[in-house]
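To keep things clear, I will list the structure first and then write my remarks on it.
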Amino acid sequence: MSLTTRALRNLSRRKIRALLVVIALAFSMAILIVIPAGIAANQSATQKETSGLANTIDQTSAAINQTATEIQCGLTPSAPSGFGFTSGGGTAIAIGGSGTQMVTSGSLGGGALGGGFTEPMNESLYNDINSSISGVAAVEPTLQVTEGHTETIKPPAGATVIGSSGGASPPASFNVTVPDYIIEGVPLDSSLINNYPILPTNITAGRNLQAGDNDDVLLSENNSAYFGIGVGGTVNILGTNFTVVGIYSPSGADIQDLYMSLADAQAITNQTDTITQLNVFTDNTSDVTSVANAISALHPELTVSTAQDRLSSLQQVESLYNTELANAKATMNQTNNQALGEIILAVATTSLIVLFVMQYTVRERTKEIGTLKAIGFGNLNVMGQFLLEGILLSLLAAVVGVVIGTVAAPFLSKVLLPAVGNSLGAPKGAVTVGGAASLASAVTVSPELMLIAFGVAVLLGALGSVYPAWRASKTNPAEAMRYE
Amino acid sequence: MSELVLNLENVSKTYMLGKRSVPALSNLNLKVKKGEFAAIMGPSGSGKTTLLNVIGCIDKPTKGKVLLDNVDVAGLHESQLYKIRRNKIGFIFQSFNLLPYLNARENVELPMAAAGKSKAERSARAKELLGMVGLSGREGHRPQRLSAGEQQRVAIARALANNPAIILADEPTGNLDSENKQGIIKLLANLNLTQGTTIIMVTHDSQAARNTERMLLLKDGKIVKEMQGLHANKKNQTCPHCGASIQINDDTCPVCKKSIYASDELFSS
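Sequence lines, in order, name chains A and B.
Under my numbering, the first residue of the first sequence is numbered 22, with each subsequent residue one higher.
Under my numbering, the first residue of the second sequence is numbered 73, with each subsequent residue one higher.
Shown next as structure tokens:
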């Protein structure tokens, strides 16, 4: 009878024993399968987290670099004659002296885009600063005009005026201007728009504004929806027709900003030679303080704001991200070490189980082995039979183990690698990775892993049965004569 | 029929028990011709098993020559010996030694599988052999579904599988009741007569021994006595009881009506 038939028949000979051994082996195989699956899930989660954090850090450093040399200058409105009030809902509305404005929270990396000063001032200031202060690389004059409609607002019952000592009640109703769009007039000068963060960068349709554009406008996605117009269309702004050359996706506070040339903005708002803000860029970050001081000395009426505040806040975020990254890596290393230990244990257990079972089998079957040798089987053939038996046992266990592993992967990986569940489920610190909470249950056994498991089973089965099989091959054929 | 199948010349075998050497065989000489049916008898410790192991290429003598089909196997290495066992020797064991997870046919096929014969050849030969030992139709039965006598028949068929030069039977009737004993002895005797199979049988059972051709008595590692058995009479075609002429196929003498084979009644008479 062929070697394989003999090996197979022997396995089915003592069914209960084979079953128990297979179950024991299967659990250790399942562990062998689940751990790499857990590690793979952990690694991909950490990788996602790492690349996410690295991206954010890159973007943040870019933002820091871009705005580090930027100084914003403008006129601060005269002390507001208006008032503010709060209602129970937590929204605050401030009503200023010159018109009314919604207060939006500032964005971290906004830079020159959006926000800023709104008081009109003379464009001649541009030449003063551009020509007379050393360390200035460029100056960008901008005009920001908010266009909106008036709404009548009734303060909710019980609202009080902010800052009033007696908790005075606001008027029964008042008018506010709700912005529809904000005109951003920027100098379309190629040396400026190519080198400094003046125009939005995230163009989703058409093209960005470029030097020489005239009666052309770049809309935000919100503007496009508001006007109901797309790229190539014509939009009438304050009586003048503009061609929409592109649409951008807003990154922060600039959701309602539409961009055009400074000259166009001045023309349609009848504000020739008027600007609302000067963005001064220095050659080096080390020049920022001296340039800011020089501007203040030259034009004391200007409010000067440097990027120092933003810078320090960005650096804080960066350090937070770096800490998180280090944590993630540390957790992964710890998990990997734990996994390695468990894999070694499972490998040792598997081969030891095979070793003991095969050793027992060989001892129990001394007479049978003696008979095989007496009737003419060689050492190699006998060794082959017992190696094959060990491998088949191990393979059978691998099949059961893969089933157990596949069904119980999420549960087992949580038990075996608690760090996977913890680090993936609830990252420490401020940074969260999308979908991380469900990663522990995303531990799955891939087909490749199953194939590897079968390969490992063959190896471990062979490893565990090498010694017993060798012992079997050395059995004296005279054992066949022994009468029990 | 004078060709020597087995020739032991001055064979000695000494076992070491600690520092004490224990002789099991001492200067033993034995010649067996092709087609002989011999029985080796002797008390416990006389060296029967050692002799059988030396003939069967399981054990090597300390001294002397063991010529099997004119090849001295005494000096061969295990890597050669298993091939000699496979091709020249057929073993029959006291406890049958069938593999319980293989059926009768598969058990008979084992020595042929060891010799690398094709599946078809193995299967056909196994069927033929099982028919020869009277087990036609029971090829698919596993040992536990066969009686003790039937199991020993399967074992005999297995021993014949590779057409060995010698069948070595170690107490082949030791585990059988008297009816099956007779059946097995008759089967061996018939194989010897019809197939010319050379058989050497070690036995305690004097009745079984008497039915062979040569009875060799072993004592202290030497053959001390040789007698003629009843099987010699059958070959000579003379009745052992009355001396009348008999046919080779006769089980009883046509003249005196006594059984040619030794039985309890024969022994008691």
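We put the beta carbon where it would ideally sit given N, CA and C, even for glycine.
| Asked | Found |
| --- | --- |
| Range of the contiguous alpha helix (DSSP H) that encloses A/A419 | 400-437 |
| Three-state secondary structure assigned by DSSP to B/Y333 | coil |
| Residue-chain proximity (B/Y154, chain A), Cβ-Cβ < 7 angstroms | yes |
| Cut-off 7 angstroms between Cβ atoms - residues of its own chain near B/R157, not counting five sequence neighbours on either side | G128, C129 |
| CA nearest to the CA of A/A52, picked from A/A430, A/K495, A/N358 | Residue 52 of chain A is actually Ile in this sequence, not Ala. Among A/A430, A/K495, A/N358, the Cα nearest to that of A/I52 belongs to A/A430. |
| Chain B contacts from the region 388-410 of chain A (Cβ-Cβ distance under 9 angstroms) | K388, E389, G391, T392, L393, K394, A395, I396, G397, F398, G399, N400, N402 |
| Length of the line joining the Cα atoms of B/T86 and A/M50 | 51 angstroms |
| Simplified DSSP assignment, three categories, for B/P298 | Sequence check: residue 298 of chain B is Glu here, not Pro. In the structure shown, B/E298 sits in a strand (DSSP, three-state: E or B). |
| Residue burial classification, A/V464 (beta-carbon count within 10 angstroms, cutoff 16) | buried |
| Selection from B/N169, B/I161, B/K155, B/F168 that minimises the alpha carbon distance to B/G188 | B/K155 |
| Neighbouring residues, chain A, relative to B/T121 (Cβ below 9 angstroms) | A499, M502 |
| At least 3 beta-carbon pairs within less than 8 angstroms: the region 264-278 of chain B vs the region 494-505 of chain A | no |
| Test: B/N169 CB closer than 7 angstroms to a CB of chain A | yes |
| Simplified DSSP state of A/S155, which is helix, strand or coil | coil |
| Neighbourhood of A/N196 by C-beta, 6 angstroms cutoff - its chain only, sequence neighbours within 5 removed | T171, T173 |
| Whole-angstrom distance between A/V368 and B/K106, CA atom to CA atom | 58 angstroms |
| Cα-Cα separation, A/L129 to A/Q165 | In this prediction, A/L129 scores a pLDDT of 29, lower than 50, which makes its location untrustworthy; no coordinate-derived value is stated. |
| C-alpha gap between B/A280 and B/L290, whole angstroms | 16 angstroms |
| Any chain B beta carbon closer than 7 angstroms to A/N31 | yes |
| C-beta contact flag for B/A198 and B/V180 at 7 angstroms | yes |
| From A/A318, A/R27, A/A349, A/I60, residue whose alpha carbon lies closest to that of A/E363 | A/I60 |
| Under the three-state DSSP convention, the category A/R38 falls into | helix |
| Proximal residues of chain A, C-beta to C-beta of B/L289 below 8 angstroms | What B/L289 touches in chain A: nothing, since even the nearest Cβ is about 20 angstroms away. |
| Whether B/V104 touches B/L139 by CB criterion (7 angstroms) | no |
| Classification of B/Q223 by the beta-carbon crowding that lies within 10 angstroms, buried from 16 upward | buried |
| Residues from the region 354-388 of chain A in contact with chain B, defined by Cβ distance under 9 angstroms | K388 |
| Supposed contact pair A/N244 and A/Q277 - C-beta distance, whole angstroms, cut 8 angstroms | 7 angstroms |
| Stretch-stretch touch, CB-based, cutoff 8 angstroms, three pairs: the region 307-321 of chain B with the region 157-173 of chain B | no |
| Interface residues of the region 129-159 of chain B facing chain A [CB-CB below 8 angstroms] | I130, D131, E150, S151, Y154, K155, R157, R158, N159 |
| Beta-carbon gap between B/V83 and B/P115 smaller than 7 angstroms | no |
| Backbone CA spacing between A/R34 and B/L97 [nearest angstrom] | 41 angstroms |
| Cα-Cα separation between B/P326 and A/R386, rounded to whole angstroms | 50 angstroms |
| Alpha-carbon spacing of A/P162 relative to A/V338, whole angstroms | 30 angstroms |
| Neighbouring residues, chain A, relative to B/Y173 (Cβ below 7 angstroms) | R30, N31, R34 |
| Entirely enclosed alpha helix (DSSP H) segments - the region 241-281 of chain A, minimum 4 residues | 242-248 |
| Proximal residues of chain A, C-beta to C-beta of B/D322 below 9 angstroms | Neighbours of B/D322 on chain A: none; closest Cβ ~34 angstroms, over 9 angstroms. |
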